[in-house]
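Enquirer: Below is one structure. I have some questions about it.
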Amino acid sequence: MLKKYTLIILVLIAFISCKKEDRKPAQNKLKNTAFVDPFIGTGGHGHTYPGATVPFGMLQVTPVNGISAWDWCSGYHYSDSIAVGFSHLALSGTGIGDLADILFMPINKEVDLSPTPLSRDSLHYKSKYSHKNEKASPGYYQVFLEDHNVNVELTTALRTAYHKYTFAKNDTQSVVIDLGFAINWDKALQTSITIEDEYTISGYRFSKGWAANQKVFFVAKFSKPITKHHIYTDGNRVEETSSEGIKTSAQLFFDAQDSSELFTKVALSSVSIENAKDNLEAGDFNFDTVKADAEKTWEKALTKIEVETPIDSLKTIFYTAMYHAQVAPVTFSDKNGQFRKENDEIVTAENYIAYSTLSLWDTFRAEHPLLTLIEPNRVSDMINSMLAYYETRKILPVWTLYANETNTMTGYHSIPVIVEAYLKGIRGFDAEKAFEAMKTTMMQDERGLDHYKKHGYIPYNLIDESVTITLEYAYNDWCVAQMAKALGKTEDHEFFSNRSKAYEYLFDNKTGFMRGKSEDGKSWNEPFDPKHSNHREQTDYTEGNAWQHSWFVPHAVDDLITLHGGGDTFTNRLEQLFTESSEITGDNISADITGLIGQYAHGNEPSHHIAYMFNHANQPWRTQYWARHIMDTQYNTTPNGLSGNEDCGQMSAWYALSSIGLYPMNPASAEYEIGSPIFEKASINLSEGKSFTIEAENVSDKNIYIQSATLNGEDFNQTSISHKQIIEGGTLHFVMGSQPNKNWGTANN
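Residue numbering for the sequence shown follows the UniProt record's numbering, beginning at 1 and increasing consecutively.
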């Protein structure tokens, strides 16, 4: 009898165990998209938008609050609760506001669109909403408009946006299109609306803002016939079916009897209404199918790097970072390959997709390096887009928005993006033409290069932000030298290598900082306060101070250590950066100095490489400590989860790479510094079925230090790994512990 009961108990235990095992795989089957929260970064100074887009999509269909202010650069901020409509273009995390073009707003009443609003308070079509009735996921956004009793759902394909409006039963069904509406730097110059037939409207919006010559053409089709319409131009109602002026708007009405749902799909083009029609997807208004396709596209994009951890919040931060790192740059060429340049020339992208919104001052640091791992084919297309710009201006782009050069920020960081791609084996672009473009750019006289060529550095009394610009030109020069070397151009390699030492002119060994030097080559800019900030004027540093900018010598860290007097002095000063008081002095402090850890400012890009410099000074455990500390303190799962502007993917790409234990301190070196991995396992899924796996045995919030490592089973005792080693596939295995192993990765071993 005892044996019988024993057998029954064993069977039950086995059954329960099987059930547990059955449940475990089900938990692991959660899609990566389920961990993405598009609201992360919409609060604080993140400046992201929560609306629908697809990876690198042409459209960003997203809610607009209607406020012109710094924290509303994307058109939306989580602190708000008023919506004025849903636009089709948006910026992700920039520090300057533009776009929010082609505004649609569903409402349930007739309104007067003739007044010129002084603010959103005088917009008759605005509505309150609550975050309780708002959702967002990759490729989808939903919100309930309380004042109009309308539920709004948005999704998108690559070049077509889809709207679904659900009205209350028997309510008026109407949509306002306001082409005169503008926020932040943007201003409408000329707009037009045409009712083409009972289902179709088209038009255009020409504007001037951050993009000085932005031309957007659009077409929209509705699921129901337009039963009535009102068109307004520059404050006057017109009776025609078409009108143009500086500001045009329209209110369209639809039959409410047959259904409470109204669908519309919208496509844009920089070229023409005809191209917008060509971009518009054929077929019906199958919103759910498009939404499902967008989610599938995102799921595929988010499997390029997959992580394993029992901590869901870390997955949320990681996959949201991977999401944000793939919303920009944006597709700019039309379905037929055509796109408009800023000089109004229409060109065709032959055998590539043209991209715009290239935030290069930010994204050359980690965003583009990440793309070389997960989207190498897009990288070559982005470089071809830069070379197309060069064809027109005979200079490489600085920061392009809707194919307009904004000249925002310092340096020419299309150069490291091109060199990095080439040295990592990415082809698909003309290397000789690219070298010509880089050399020509660095040999012209614009943006202080005339002074740089004459003096070897930029004197502070000739141009503001002279220290930052000099250091960045020195790095650009080093990158050109590496491309010259790869192409066998010996003289060019020598010339640009020599010029890349410009940082030596600005290093003050008495203070340990890079400082503004006058054109006499001897005197420093006095008085000097390394904590002082003066935003973008009468300053030697861009959006920062001497503490934050004195470390930008990523191409010659060993030389920088020597300038400091050796490793001990260097690492003590580097450690002091993180432990110094966080006081910033001055009367015009840059708002971009955020995410402070001591004087280290993670909320702005110039600081992003600094924690990894300890590796070069034989103290990699300090890199491990500070990289982990930054991850733990500067990212979270709330709308305030980014410590500064997202900047088109850079803030997120820093986390995506750092969290798996890698960072491109010097992107064009084609190497990654080793930091502190936070996941038990991270798999980079490469092309041709290969994968590179990073394992962190015993990792936890306490076990942040590398004790030992192997690469493909062989001892690995170095603080960097090459791109070539990664793309060959394999396994990098770390054993982690709670105390530094000061022998790992150092000359002591």
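Heads up, the beta-carbon is just placed ideally off N, CA and C, and yes, glycines get one too.
Every value quoted in this text rests on a predicted model; they were computed, and no experiment measured them.
What does the alpha-carbon distance come out to for the pair L99 and I418?
Expert: Translated into the one-based positions of the sequence shown, residue 99 becomes position 99. Translated into the one-based positions of the sequence shown, residue 418 becomes position 418. When rounded, the distance between both Cα atoms is 27 Å.
Enquirer: With distances taken Cα to Cα, identify the nearest neighbour of K135 among R120, F222, V36.
Expert: Indexing the sequence shown from 1 puts residue 135 at position 135. Nearest of R120, F222, V36 to K135, Cα basis: V36.
Enquirer: Do you know whose CA, among I195, Y49, S533, lies nearest E240's CA?
Expert: The residue labelled residue 240 in the question sits at position 240 within the sequence shown. Among I195, Y49, S533, the Cα nearest to that of E240 belongs to I195.
Enquirer: Residues in the same chain with beta-carbon distance under 7 Å from F507, minus the five sequence neighbours each way, listed in chain order, please.
Expert: As a first step, residue 507 must be located in the sequence shown, where it is residue number 507. Once the five neighbours on either side are set aside, the close Cβ partners of F507 are M514, L563.
Enquirer: Answer with buried or exposed for T579, where buried requires no fewer than 16 other C-beta atoms within 10 angstroms of its C-beta.
Expert: Taking the first residue of the sequence shown as 1, we reach residue 579 at position 579. It is exposed - the Cβ of T579 has fewer than 16 other Cβ atoms within 10 Å.
Enquirer: For R23, does the count of other Cβ atoms within 10 angstroms reach 16, so buried, or fall short, so exposed?
Expert: For the purposes of this step, residue 23 is taken as the residue at position 23 of the sequence shown. Low per-residue confidence applies at R23: pLDDT is 35, beneath 50, and the placement is therefore not dependable, though the value from the model is reported in the following sentence. Per the 10 Å Cβ criterion, exposed.
Enquirer: Let's test the definition: count the other Cβ atoms within 10 Å of the Cβ of H148 and tell me whether it reaches 16, buried, or not, exposed.
Expert: As a working mapping, residue 148 is identified with position 148 in the sequence shown. So H148 counts as buried.
Enquirer: So, for Y390: in the same chain, excluding its five sequence neighbours on each side, which residues have a beta-carbon less than 6 Å away from its beta-carbon?
Expert: Counting from 1 along the sequence shown, the entry for residue 390 is found at position 390. Excluding positions up to five away in sequence, the list reads L396, A437.
Enquirer: What are the boundary residues of the alpha helix (DSSP H) that includes Q576?
Expert: Counting from 1 along the sequence shown, the entry for residue 576 is found at position 576. Its alpha helix (DSSP H) spans residues 567-579.
Enquirer: Hey, quick one: how far does the beta strand (DSSP E) through D197 stretch, first residue to last?
Expert: Walking along the sequence shown from the start, residue 197 turns up at place 197. Where D197 is concerned, the enclosing beta strand (DSSP E) stretches over 187-197.
Enquirer: Work out the CA separation of K335 and A276 for me, nearest whole Å.
Expert: The residue you call residue 276 lines up with position 276 of the sequence shown. The residue you call residue 335 lines up with position 335 of the sequence shown. Approximately 9 Å, taken between the alpha carbons.
Enquirer: Tell me, which residues are paired with Y78 by DSSP?
Expert: For the purposes of this step, residue 78 is taken as residue 78 along the sequence shown, with counting starting at 1. According to DSSP, which records beta bridges pairwise, Y78 is partnered with nothing at all.
Enquirer: Given a threshold of 16 other Cβ atoms within 10 Å of its Cβ, counted over all protein chains shown, does G649 qualify as buried or as exposed?
Expert: Walking along the sequence shown from the start, residue 649 turns up at place 649. Buried, because 16 or more other Cβ atoms sit within 10 Å of the Cβ of G649.
Enquirer: H532 by DSSP, collapsed to three states: which one?
Expert: Numbered from 1 along the sequence shown, position 532 holds the residue referred to as residue 532. H532 falls in the strand class under three-state DSSP.
Enquirer: Tell me the DSSP bridge mates of L685?
Expert: One-based indexing of the sequence shown puts residue 685 at position 685. The question names Leu, yet the displayed sequence has Asn at residue 685. BP columns for N685 point to S691.
Enquirer: Should K510 go down as buried or exposed, given a rule of 16 or more other Cβ atoms within 10 Å for buried?
Expert: Within the sequence shown, the letter at position 510 stands for residue 510. By the neighbour-count rule (16 or more Cβ atoms within 10 Å), K510 is not buried but exposed.
Enquirer: Comparing C-alpha positions only, which one of A502, L732, A431 sits nearest to G488?
Expert: Here residue 488 is taken as the residue at index 488 of the sequence shown, counted from 1. Considering only alpha carbons, the answer is A431.
Enquirer: Which whole-angstrom value is the C-beta distance of P620 and T468, which I expect to be below 8 Å?
Expert: As a position in the sequence shown, residue 620 is number 620, starting the count at 1. As a position in the sequence shown, residue 468 is number 468, starting the count at 1. Contact doesn't hold; Cβ gap of about 28 Å is too wide.
Enquirer: Roughly how many angstroms lie between the CA atoms of A321 and L373, to the nearest whole one?
Expert: Translated into the one-based positions of the sequence shown, residue 321 becomes position 321. Translated into the one-based positions of the sequence shown, residue 373 becomes position 373. Going from the Cα of A321 to the Cα of L373 covers about 15 Å.
Enquirer: Mind checking who N588 pairs with in its DSSP beta bridge?
Expert: Counted from its first residue, the sequence shown places residue 588 at position 588. Note: N588 sits in a beta bridge opposite N534.
Enquirer: Taking 8 Å as the limit between beta carbons, can you name the residues of its chain near V11, skipping five residues before and five after?
Expert: Walking along the sequence shown from the start, residue 11 turns up at place 11. Note that V11 scores a pLDDT of 39, beneath 50, so its modelled location is shaky; the value from the coordinates is reported in the next line. Excluding sequence neighbours, V11 sits near nothing in its chain.
Enquirer: If A366 sits next to H608, beta carbons under 8 Å apart, how far is it from one beta carbon to the other, in whole angstroms?
Expert: What you label residue 366 is simply residue 366 of the sequence shown in a count that begins at 1. What you label residue 608 is simply residue 608 of the sequence shown in a count that begins at 1. Rounded, the Cβ-Cβ distance is 7 Å, consistent with contact.
Enquirer: With distances taken Cα to Cα, identify the nearest neighbour of A188 among S174, Q214, S202, V176.
Expert: In the sequence shown, residue 188 corresponds to position 188, counting from 1. Nearest of S174, Q214, S202, V176 to A188, Cα basis: Q214.
Enquirer: Quick check on this structure: which residue in E146, G57, V150, S243 has the alpha carbon closest to the alpha carbon of N279?
Expert: Residue numbering aside, residue 279 sits at position 279 when the sequence shown is read from its first letter. Here the closest residue by C-alpha is G57.
Enquirer: Report the residue from A474, L657, V84 whose alpha carbon sits nearest the alpha carbon of P117.
Expert: Residue mapping note: residue 117 aligns to position 117 of the sequence shown, counting from 1. When each option's Cα is compared against that of P117, the closest is V84.
Enquirer: Excluding five sequence neighbours on each side, which residues of the same chain lie with their C-beta closer than 6 Å to the C-beta of L59?
Expert: Locating residue 59 in the sequence shown gives position 59, where the first residue counts as 1. If we look at L59 and ignore the five residues flanking it on each side, its Cβ neighbours are H88, T156, A161.
Enquirer: Within 10 angstroms of its Cβ, does M443 collect 16 or more other Cβ (buried), or is it exposed?
Expert: Working through the sequence shown from its first residue, we reach residue 443 at position 443. Its Cβ having fewer than 16 others within 10 Å, M443 is exposed.
Enquirer: Let me make sure I understand the geometry here. Which of K109, N108, L123 has the alpha-carbon closest to that of P115?
Expert: The residue you call residue 115 lines up with position 115 of the sequence shown. Comparing Cα positions, the closest option is L123.
Enquirer: Going by CA-CA distance only, name the one from F144, M483, F679, Y129 that's closest to A421.
Expert: Working through the sequence shown from its first residue, we reach residue 421 at position 421. It is M483.
Enquirer: DSSP beta-bridge partners for K221?
Expert: In the sequence shown, counting from the first residue as 1, residue 221 sits at position 221. According to DSSP, K221 bridges with T200, K265.
Enquirer: Between the alpha carbons of T410 and G516, how many angstroms are there, rounded?
Expert: Indexing the sequence shown from 1 puts residue 410 at position 410. Indexing the sequence shown from 1 puts residue 516 at position 516. Rounded to the nearest angstrom, the two C-alpha atoms are 16 Å apart.
Enquirer: Does the contact criterion of 3 or more C-beta pairs under 8 Å hold for the stretch 212-227 versus the stretch 265-273?
Expert: These segments touch.
Enquirer: Taking Cβ to Cβ, would you say I183 is nearer than 7 Å to S68?
Expert: Taking the first residue of the sequence shown as position 1, residue 183 is located at position 183. Taking the first residue of the sequence shown as position 1, residue 68 is located at position 68. The answer is yes: Cβ separation under 7 Å.
Enquirer: DSSP three-state label for P38, please.
Expert: As a working note, residue 38 is residue 38 in the sequence shown. DSSP places P38 in coil when its eight states are reduced to three.
Enquirer: Output the distance between the C-alpha atoms of D258 and T309, rounded to the nearest integer angstrom.
Expert: Here the question's residue 258 lines up with position 258 in the sequence shown. Here the question's residue 309 lines up with position 309 in the sequence shown. Using only the alpha carbons, I get a separation of about 50 Å.
Enquirer: For S466, count neighbouring C-beta atoms within 10 Å of its own C-beta (all shown protein chains included) and say buried if the count is 16 or more, exposed if not.
Expert: Here residue 466 refers to the residue found at position 466 when the sequence shown is read from its first residue. Its Cβ being crowded by 16 or more others within 10 Å, S466 is buried.
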